[in-house]
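Protein chains: 2
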Amino acid sequence: MKTRLAFILGCLIMVSCQRSNTTETTGDSAVASDPLLSWNDTPNKKVIVDFVTAVTTEGSPKFVPVADRIAVFDNDGTLWCEQPLYFEVVYSLMATRQIATQVTALQKKPEIKALVDGDMKTFMKRGENGLLEAVAISHTAITPEEFNKSASAWLDTALHKKYEKKYTELTYKPMVELLAYLRANQFKTFIVSGGTSMFIRTFSEAAYGIPPDQVIGTMFRGEFQQKDSSMRVTLKPELFHNDDKEGKPVAIYQFIGKKPILAFGNSDGDHAMLQWTSTNSLPNLALILHHTDSVREYAYDRDSPIGKLDKALDEGLQKGWVIVDMKNDFKVIFSYQ
Amino acid sequence: MKTRLAFILGCLIMVSCQRSNTTETTGDSAVASDPLLSWNDTPNKKVIVDFVTAVTTEGSPKFVPVADRIAVFDNDGTLWCEQPLYFEVVYSLMATRQIATQVTALQKKPEIKALVDGDMKTFMKRGENGLLEAVAISHTAITPEEFNKSASAWLDTALHKKYEKKYTELTYKPMVELLAYLRANQFKTFIVSGGTSMFIRTFSEAAYGIPPDQVIGTMFRGEFQQKDSSMRVTLKPELFHNDDKEGKPVAIYQFIGKKPILAFGNSDGDHAMLQWTSTNSLPNLALILHHTDSVREYAYDRDSPIGKLDKALDEGLQKGWVIVDMKNDFKVIFSYQ
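See the structure below:
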C-alpha cells in the first residue's frame with residue numbers, strides 16, 4: 018500500500034476535465050456470437066482469442082488442462098478507471114472524515130484533524146503517512162460489517178466528477194467481457210489488486226462476476242474478538258499483506274497456489290506479476306492495458322502519479338507482451354455505455 | 018502452528034496397533050442414488066441432508082443463495098486420519114533429516130543434529146521448538162517446486178504403519194462423499210487447516226476435489242526473488258499466518274471474505290471456526306467429527322495430544338451442533354475400502 022500510494026498526493030485536488038462526447042455503441046455490425054463485442058477487430062484481439070483457443074483445444078500443442086487455467090487481473094486501471102485518483106482513496110477520505118468527525122479522539126493526529134477541517138493543504142503536507150492513516154481509519158476503526166455497509170452505500174450513490182456516473186459504471190466493458198470469455202473457456206479469474214480485498218469485495222461479484230474468495234488485495238491484520246456469545250473478526254490499522262509489486266506474485270503463490278497462465282495489469286505495480294506469469298512453463302500470456310485515450314478516458318503512462326507505467330512497458334515492448342491500446346483496441350470503454 | 022504442534026511430542030514414537038479386520042462394504046442394499054452411501058442412515062445423516070435440502074430449496078424459509086453457500090472443513094482428523102501423528106509432521110521429520118544430511122550447516126542446531134543422528138530422545142527434549150524447526154526446514158530450505166516434488170513423491174510411496182496404506186488412501190470416504198454432495202448442491206468447499214497450504218495442495222485436488230486456491234493453511238512468509246531473467250517465490254522460515262484456533266476465522270475472513278454456512282472440524286483447534294460459523298445470520302450448521310471407533314480407526318477426544326477435543330465438544334453438545342460419531346455414523350471409514 019505504501020509504495021502504491023506514494024504517487025497520488027499530487028492528485029488530491031481533482032483534475033477538472035470535460036466530459037467526453039463519445040457516441041460509440043457496442044457495434045451493431047459485429048457477429049452476434051462474438052464474446053468480445055466491445056473490442057475492435059485488431060491484432061491484439063486476435064492474439065487474445067488465438068491464445069484462448071490454443072490453450073483450450075484438446076490436442077493443440079498449447080493445450081492447458083482446466084485446473085491450470087488461472088487468470089489474474091489487476092483492478093485499478095485494468096478493470097476500472099483509476100483517474101484522477103484511485104476510487105478507494107476517494108472513498109477513504111470521505112469515510113475517514115466522517116468517522117473522525119464523530120470519534121474525535123482520532124483527530125489527535127494532525128493529518129486527520131486537517132482532513133476533518135477540510136484543510137487539504139495541511140493534510141497533503143503530511144504526505145504518504147497522512148494518506149495511509151486515512152485509509153487505515155476508514156477500513157479499521159469500524160467493524161468489517163460497518164465498512165461493507167458504508168462502502169456499498171458510497172458506491173451506490175457517489176458519482177465520478179468527470180463522467181457523472183457511479184464508480185461501478187466505470188468498469189471497462191471490454192475487460193468485463195474478457196473475464197466472462199475466459200470463464201466460458203473454463204478459466205478461473207482472480208483479482209490481484211493493490212487496493213484492499215475488503216473494498217473490492219463489496220462490488221466484485223456484481224461488477225465482474227468474481228466472488229470474494231477470488232479477490233486478493235492489500236489486507237490489514239485481522240483479529241478474532243470474542244465477548245460472551247458475540248464474536249467477530251476485526252481489523253487492526255497494521256498491514257498484514259501489501260499487495261503491490263513483488264507482493265503480487267507472493268500473494269498469488271500463497272493464496273492461489275498456482276502460477277497463472279494469463280496476467281493482465283496496467284502499471285509498474287503489476288510488473289512482477291506479469292514477469293512471473295511469463296515464466297510459467299505452460300503457454301502463457303502477459304497483457305498490459307495502456308491508457309492512450311485522452312478523449313474517451315485518460316492518456317497516461319511513464320510520468321503519471323497514478324498508474325505509472327514505465328519499466329513494465331519497456332519489458333512488455335521488448336518481450337512481446339500484449340500492449341492493449343485503449344484508443345485503438347476498445348470499441349467501447351465503459352460498462353454504462 | 019505453534020499451539021497446534023504443542024501436543025504432539027509425546028507421540029513421536031509411533032503407536033503400534035493391530036490392523037483392523039473391517040470387512041464392511043459401501044453398502045449394496047443402499048439406494049443407488051444416495052450421495053452419502055458410506056454414511057449409515059442415522060439421525061446425524063438426516064440432519065445433514067435436511068440442512069442441505071432446506072438451504073437449496075427455493076421458497077424454503079431457510080433458502081440460501083448460491084453465492085453464500087460456503088463450507089469450510091478442517092483437514093487433519095476431519096478429512097483424513099491424523100493418528101498416531103499428523104501426517105505432515107511425519108513427512109517433515111523425514112524430509113528435514115534428508116535435507117540436513119546434505120546441508121550440514123543446518124546441523125548447527127542441536128535438535129536438527131539429533132534428528133539426523135536418529136537420536137529421537139535428544140530431539141524430543143528440544144520440545145516444540147525442535148519440531149517447529151524441523152517443519153520449517155522441510156518447507157523452506159528448498160524451493161516450493163522442490164517441496165512439491167518431495168512431498169508428492171512421499172505421498173506416492175510412504176505407508177501408514179497401522180493400515181499399511183498410502184496416506185492419501187486414509188481420507189475418510191464419508192467425508193469425501195459429503196464434499197461432493199455439497200458441491201453438487203452448489204456449495205463452494207474450502208479446507209481451513211492447521212497444516213500448511215503447500216503440503217495440503219499437493220494432494221487436495223486429487224483426494225478431495227478441492228483446488229489449491231480453496232486450501233487455506235498455515236503459511237510461511239513468502240519472498241519474491243529475481244536474478245536476471247529468473248524469478249521465483251521462496252519461503253522464509255518465519256510464520257506468515259498460523260491457521261489454528263482463532264487464526265481460522267481470521268483466515269476465512271481474509272481469504273474467503275464471507276462467513277461460512279457450514280463448518281466441519283474435529284478438535285479444539287476448530288472451535289473458533291465452528292463458533293464463528295454458528296453466528297452466521299443465515300441458516301448454518303456446525304459439525305464435529307468425533308473419533309469413537311477404536312477398532313476401525315482410533316478413539317480419542319479430551320485427553321489426546323493429537324486432535325484434542327474438549328471445549329468444542331462441550332459447546333457442541335450444549336448448543337446442539339452435529340456431533341458425528343464415526344463408529345455409528347460411518348458405514349465405511351477410508352477411501353481405499
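Chains as they are written, first to last, in our numbering: chain A, 18 to 354; chain B, 18 to 354.
Think of the CB as a built atom: it goes at the ideal place given N, C-alpha and C, for glycine as much as any other residue.
Determine which residues of the stretch 268-284 of chain A have a Cβ less than 7 Å from any Cβ of chain B, and write them out in chain order.
-> Y270, Q271, F272, I273, G274 and K275
Starting from S214 (chain A), find everything on chain B with Cβ-Cβ shorter than 9 Å and list it in chain order.
-> Q271, F272 and G274
Report the rounded CA-to-CA distance for F90 (chain B) versus F351 (chain B), giving the unit in angstroms.
-> Their backbone Cα atoms lie some 17 Å apart in a straight line.
P254 (chain A) at chain B interface by Cβ criterion, 9 Å = no
List the endpoints of the continuous beta strand (DSSP E) containing T235 (chain A).
-> From DSSP, the beta strand (DSSP E) with T235 (chain A) extends over V232 to K244.
Work out the CA separation of H177 (chain A) and A112 (chain B) for me, nearest whole Å.
-> 56 Å
Cβ distance (whole Å) where A289 (chain A) is taken to contact E263 (chain A) below 8 Å | Separation of the CB atoms of A289 (chain A) and E263 (chain A) is rounded to 5 Å, and the pair is thereby assigned contact status at 8 Å.
Just the chain A side, please: which residues come within less than 7 Å of E263 (chain B) by C-beta, in chain order?
-> F241
I think L96 (chain B) touches Y225 (chain B), with their Cβ atoms under 8 Å apart; what is that distance to the nearest whole Å?
-> 6 Å
Just to confirm, are D318 (chain B) and F347 (chain B) a CB contact at a threshold of 9 Å?
-> Taking 9 Å as the cut-off, the Cβ atoms of D318 (chain B) and F347 (chain B) do not count as close.
By how many angstroms is the C-alpha of F272 (chain B) removed from the C-alpha of K63 (chain B)?
-> 31 Å
Using Cβ-Cβ distances below 9 Å, what residues of the stretch 107-120 of chain B are close to chain A?
-> none
Provide the residue(s) that pair with W97 (chain B) in DSSP beta bridges, ordered along the chain.
-> B:D93 and B:T188
For M137 (chain B), count neighbouring Cβ atoms within 10 angstroms of its own Cβ and tell me buried if that reaches 16, exposed if not.
-> Its Cβ having fewer than 16 others within 10 Å, M137 (chain B) is exposed.
Whole-angstrom C-beta distance between K275 (chain A) and P161 (chain B), which should lie under 8 Å = That belief does not hold up - the Cβ atoms of P161 (chain B) and K275 (chain A) are roughly 11 Å apart, past 8 Å.
What distance in whole Å lies between the Cβ atoms of I116 (chain B) and L110 (chain B), which are believed to be in contact at a cut-off of 8 Å?
-> At roughly 11 Å, the Cβ-Cβ gap does not stay under 8 Å, so L110 (chain B) and I116 (chain B) are not in contact.
Buried or exposed: which applies to M236 (chain B), given that a residue is buried once 16 or more other Cβ atoms fall within 10 Å of its Cβ?
-> Classification of M236 (chain B): buried, given that the 10 Å Cβ count is 16 or more.
Contacts that Q335 (chain B) makes with chain E (C-beta to C-beta distance below 8 Å) | Among the protein chains of the structure shown, namely A and B, there is no chain E.
Is it true that the CB of P300 (chain B) sits closer than 9 Å to the CB of A71 (chain B)?
-> The criterion of a C-beta distance shorter than 9 Å is satisfied by A71 (chain B) and P300 (chain B).
Every unbroken alpha helix (DSSP H) within the stretch 55-83 of chain B, with a cutoff of 4 residues, ordered by chain | 60-73
D320 (chain B) versus E186 (chain B) - alpha carbon distance = 27 Å
In or out: V81 (chain B) buried (at least 16 other Cβ within 10 Å) or exposed?
-> buried
Is the distance from the Cβ of T59 (chain B) to the Cβ of N283 (chain B) below 9 Å?
-> Going by C-beta atoms, T59 (chain B) is not nearer than 9 Å to N283 (chain B).
Do you know how far the Cα of F68 (chain A) is from the Cα of P78 (chain A)?
-> The straight-line gap from Cα to Cα measures roughly 12 Å.
Whole angstroms is fine: what's the gap from L148 (chain B)'s alpha carbon to P127 (chain B)'s?
-> 12 Å
For S210 (chain B), the first and last residue of its enclosing beta strand (DSSP E) = K205 to T213
Mark Y103 (chain A) as exposed unless 16 or more other C-beta atoms lie within 10 angstroms of its C-beta, in which case mark it buried.
-> buried
Excluding sequence positions up to five away, which residues of its chain have a Cβ less than 6 Å from the Cβ of D342 (chain B)?
-> So the list reads H307 and T309, once near-sequence residues are dropped.
With which residues is D342 (chain B) paired in a DSSP beta bridge?
-> B:H307
So, helix, strand or coil for S155 (chain B), using DSSP?
-> helix
Indicate the three-state DSSP secondary structure (helix, strand or coil) for G286 (chain B) in the structure shown.
-> helix
Using a C-beta to C-beta distance shorter than 8 Å, which residues of chain B count as neighbours of R218 (chain A)?
-> G274
Within 8 Å of chain B by C-beta, residues of the stretch 282-304 of chain A in sequence order | A289, Q292, W293 and T296
Where E222 (chain B) meets chain A, residues with beta-carbon distance less than 8 Å | A84
For the candidate residues B:F241, B:Q243 and B:V232, whose alpha-carbon lies nearest to that of K265 (chain B)?
-> B:V232
Can you list the residues of chain B that V81 (chain A) reaches, using a CB-CB cut of under 8 Å?
-> Within chain B, no residue comes near V81 (chain A); the closest Cβ sits about 14 Å away, beyond 8 Å.
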